[in-house]
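Engineer: Before we start, here is the structure in question, set down as structure tokens.
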Amino acid sequence: MAEIKIRTSEELIRKLERLSGEQADEVAKRAVYVGAGFMAEKVKESLRGVVSEKATGDLEKSLGITPIKLNRDGDWAAKIG
514 MAEIKIRTSE
524 ELIRKLERLS
534 GEQADEVAKR
544 AVYVGAGFMA
554 EKVKESLRGV
564 VSEKATGDLE
574 KSLGITPIKL
584 NRDGDWAAKI
594 G
């Protein structure tokens with residue numbers, strides 16, 4: 514499974530630290546959702562490039578993003594599938 518890790522600048526970390534826990538979580542969830550949406554589009558583009566007589570496009574149409582949840586490492590995460 515593909516995984517994206519984002520490295521943040523010290524300035525961004527300081528700004529995020531000023532937020533309350535709930536606000537920081539909301540910002541993190543929005544960032545994960547935007548990143549997952551970008552990746553989902555890239556996967557769809559790759560699927561469109563598959564040349565096959567049997568290709569129906571159903572896989573591309575069914576692709577989606579799971580709800581964003583905390584993973585076992587304590588990071589906000591979403592899956593694309």
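Under my numbering, the first residue of the sequence shown is numbered 514, with each subsequent residue one higher.
Note that CB positions come from ideal geometry on N, CA and C, so glycine has one too.
I578 and G534 look like a contact to me (Cβ under 8 Å); what is the Cβ gap, rounded to whole Å?
Structural biologist: Going by Cβ atoms, the distance from I578 to G534 rounds to 24 Å, so no, they are not a contact pair.
Engineer: Determine the DSSP secondary structure at K555, reduced to helix, strand or coil.
Structural biologist: helix
Engineer: Could you pull the start and end residues of the alpha helix (DSSP H) that K528 belongs to?
Structural biologist: Residues 523-530.
Engineer: Would DSSP call A590 helix, strand or coil?
Structural biologist: It is a strand residue.
Engineer: Just to confirm, are L576 and V556 a CB contact at a threshold of 8 Å?
Structural biologist: Yes, they are a contact pair.
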